[in-house]
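Inspection log for the structure reproduced underneath, given as structure tokens.
There are 2 protein chains.
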Amino acid sequence: MTMPTPTTTRRRTAPSSERRRQLIEAATEVIAETGLSGIKTSDVARRAGLSVGLINHHFSSKDNLLAETLRHLGDELRARWVRIQQDETLDTAEKLAAIVDGMFHPNVATPTKIAVWFAFFGDAGYRALYREMAGDFDTERSAAIEALCHSLKTEGGYDGIDSEALTTTIEALADGLWLSMMLYPDWLLPQEARRRMFELLATQFPRHFTGEGLGVARTDRLA
Amino acid sequence: MTMPTPTTTRRRTAPSSERRRQLIEAATEVIAETGLSGIKTSDVARRAGLSVGLINHHFSSKDNLLAETLRHLGDELRARWVRIQQDETLDTAEKLAAIVDGMFHPNVATPTKIAVWFAFFGDAGYRALYREMAGDFDTERSAAIEALCHSLKTEGGYDGIDSEALTTTIEALADGLWLSMMLYPDWLLPQEARRRMFELLATQFPRHFTGEGLGVARTDRLA
DNA sequence: ATTCTGATTGAACGAGCGTTCAATCAAGGT
DNA sequence: ACCTTGATTGAACGCTCGTTCAATCAGAAT
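As given, the protein sequences belong to chains S and L, one line each in that order. Counting the first sequence from 1 gives a position; my numbering is that position plus 862. Counting the second sequence from 1 gives a position; my numbering is that position plus 862.
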């Protein structure tokens, strides 16, 4: 029935979903390189190897393409997080460790993606969009981390822990480490940043964490 | 000699330095409101109550005005920091506390100013400019904090402190708290953020700090 | 008063860029 | 073969700014 694509010829048409993916990927790279203030539709099109008209055909406007780019980035992070949340085989400390690992995973904490996050954070014109798209996720994740801290406190018999305050600190430290990685990528590597996170956890939950990760010998099972 | 300015009439000319100040202030506000991607010379001029021509007269270009705006913000922070560094009456812990206080001082950690910092961080097109202008200061301050941590470690008899790692953590936490204050200003107030900083210090140097600030009863002497 | 200097204005200009759309093409259905 | 549908192209269009500059003005000096 369906003809196999002619082997050597590059297909000149593709389903909408693939073109959208290509354009979002190109937009991601261009935002990381030129910033939201400098991005041009012609640059994105050239990067994707497609014509400018396709942007408006598949996204109706440049602004919409940017919005979808942000949404795509958020979905990726959310999916990773949901997978952790729903994993019944993980105990409290393991979930917390998995969340932290997720934030500094090589597929997430790439220079390009971090730059795009901060581009949307940093530009007041797009910040409303960010809050609209990521705000719910931020608060959900916040609540989850707080619940985990609280469980660890009661289960582990830790006193004097303020779960809410600690959650703020954990998230802020993660954000700040991301910023450092972006500004001085040669000076702070994701691996090192991850260690700073676990050192913080180790000061609060010394019987569960070390600077390396989980205190109990256990390899990461999560991608 | 010099005529006193006519009392009720608003002066129609002013020295270059004052106009520059006015325009930088207006630019700061407009960047915070519209972002670097949305800023227009006409908006800045209107905000300052002056005409567009003056921007090019006093700054030669929009880009240059933005660069000077960033420089002005940096100078302010630097001045505060230098004053602390040179204050002979402060001991090690006091200096560290003063640096932290400086980062969350009401004149520094305003929503507007934080937004401008992140605007320059976040836009790849201006990030080179940021590094050029603030990079030296960043490394100087980093070195100073590390030296203070190291002193506190030896003077205070604290073991197992990695001054370099701790410095990274301190700075990253501060940056991350700034980000949280910007994204969710109603949820995280500077006062609260400051407390998170001192709680971190208290976990590392418990005989010198509490979550409130310096462990030894002592009011801030630094503005 | 007159002149000189530098500040100030804002309309006009022109480059840059997002968007449109008529024409073309690929591929599947009949 | 022919038709239909949807993808694709990129030149052309028009709007949005950043910049310029001739004209005006304020204030000081002579």
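All C-beta atoms in this analysis are idealised placements derived from N, C-alpha and C, irrespective of residue type, glycine included. Fair warning: this is a prediction, and the values are worked out from it, not measured in the lab.
Residue i: first and last residue of the uninterrupted alpha helix (DSSP H) it sits in
i	result
A1064(L)	1052-1066
G997(S)	986-1018
T1029(S)	1025-1045
With 16 other Cβ atoms within 10 Å as the buried cut-off, status of residue i
i	result
G1022(L)	exposed
D998(L)	exposed
R1003(S)	buried
T875(L)	exposed
A1055(S)	buried
K902(L)	exposed
P1068(L)	exposed
L1051(S)	exposed
I961(L)	buried
E1017(L)	exposed
W1040(S)	buried
E1061(S)	buried
A1005(L)	exposed
T864(S)	Unreliable placement is indicated for T864(S), whose pLDDT of 39 sits below 50; the coordinate value is still reported in the next sentence. When all chains shown are included, T864(S) counts as exposed.
T974(S)	exposed
F1071(S)	buried
R1083(L)	Any answer about R1083(L) is weak, because its pLDDT of 47 lies below 50 and its placement is not dependable; what the coordinates show is given next. R1083(L) comes out exposed.
E1033(S)	buried
R989(S)	buried
S878(L)	exposed
L1076(S)	buried
T1001(L)	exposed
W1049(L)	exposed
E880(S)	exposed
G897(S)	buried
E956(S)	buried
R1058(S)	buried
P866(L)	For P866(L), the pLDDT reaches just 43, beneath the cut-off of 50, and the residue's location in the model is therefore unreliable, although a value from the coordinates is still provided. Label assigned to P866(L): exposed.
A941(S)	exposed
V944(S)	exposed
According to DSSP, residues forming a beta bridge with residue i
i	result
F1071(S)	L1076(S)
Residue i CB to nearest heavy atom of the ligand COA below 8 Å
i	result
S878(L)	The ligand content of the structure shown is nil, which means the ligand COA is not present either.
Exercise. What residue ranges within the region 881-955 of chain S form continuous alpha helix (DSSP H) runs of no fewer than 4 residues, ordered along the chain?
Worked result: 903-910, 914-921, 924-948
Exercise. Residues in the region 895-929 of chain S with C-beta within 7 Å of chain L's C-beta atoms, listed in sequence order?
Worked result: E895, T896, G897, L898, S899, G900
Problem set entry | Interfacial residues, the region 1007-1029 of chain L to chain S, with Cβ spacing under 7 Å | A1027
For this session: Using a Cβ-Cβ cut-off of less than 7 Å, list which residues of the region 933-967 of chain S approach chain L; keep chain order.
Result: none
Problem set entry | Interface residues of the region 985-999 of chain S facing chain L [CB-CB below 8 Å] | D985, A986, G987, Y988, R989, Y992, R993
Problem set entry | Contact list for the region 1029-1046 of chain S against chain L, Cβ threshold 9 Å | T1030, T1031, E1033, A1034, L1035, A1036, D1037, G1038, L1039, W1040, L1041, S1042, M1044, L1045, Y1046
Problem set entry | Residues within the region 883-895 of chain S neighbouring chain L, beta-carbon criterion of under 9 Å | I893, A894, E895
For this session: Check each residue of the region 1056-1075 of chain L: if its Cβ is closer than 8 Å to any Cβ of chain S, include it; give the result in chain order.
Result: R1057, R1058, E1061, L1062, T1065, Q1066
For this session: Report the residues of the region 967-979 of chain L with a CB closer than 7 Å to any CB of chain S, ordered along the chain.
Result: A977
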